[in-house]
Amino acid sequence: MSGTIVNSSGNVFIDLGCSPDEATILQMRADLMADLRKWIKAKKLTQAKAAEVLGVSQSRVSDLIRGKWERFSLEMLITLATRAGMHITLKKAA
Numbered sequence: 198m199s200g201t202i203v204n205s206s207g208n209v210f211i212d213l214g215c216s217p218d219e220a221t222i223l224q225m226r227a228d229l230m231a232d233l234r235k236w237i238k239a240k241k242l243t244q245a246k247a248a249e250v251l252g253v254s255q256s257r258v259s260d261l262i263r264g265k266w267e268r269f270s271l272e273m274l275i276t277l278a279t280r281a282g283m284h285i286t287l288k289k290a291a
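This is the structure:
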């Protein structure tokens, strides 16, 4: 199998053809979901306990763990991360 190697832009969503604004939001959502999954694993929380701490249903935690990114807005992920004790900031580069 042969193919062309393409250098990454640093954002997989741009590489997949998303517009820069959409790619930025998708990358932020992906990063927050990954951080929340790591937090649940590091704390050794059951889905039920994670749901209790995060103030959502167990099925929402299941969606999070299973990577159902389309079910979470950026705002919701920021809310969940804050409830998990993460300090979320937005930085912009010129």
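Going by my numbering, the first residue of the sequence shown is number 198, and it counts up by one from there. The beta-carbon is built from N, C-alpha and C at its ideal position, and this holds for glycine as well. Please read all numbers here as calculations on a predicted model, not as lab measurements.
| Query | Result |
| --- | --- |
| Touching or not, the segment 220-232 and the segment 270-288, by the rule of three or more beta carbon pairs under 8 Å? | yes |
| Count the other CB atoms within 10 Å of the CB of I237; is the residue buried (16 or more) or exposed (fewer)? | buried |
| To the nearest angstrom, how far is the alpha carbon of K288 from that of K235? | 22 Å |
| Can you tell me where the alpha helix (DSSP H) holding K238 begins and where it ends? | P217 to A239 |
| If you run the structure through DSSP and keep just helix, strand and coil, what is M273? | helix |
| Count the other CB atoms within 10 Å of the CB of R263; is the residue buried (16 or more) or exposed (fewer)? | exposed |
| Say the cut is 6 Å; is the CB of I285 nearer than that to a heavy atom of the ligand ADP? | This structure lacks the ligand ADP, and indeed carries no ligand of any kind. |
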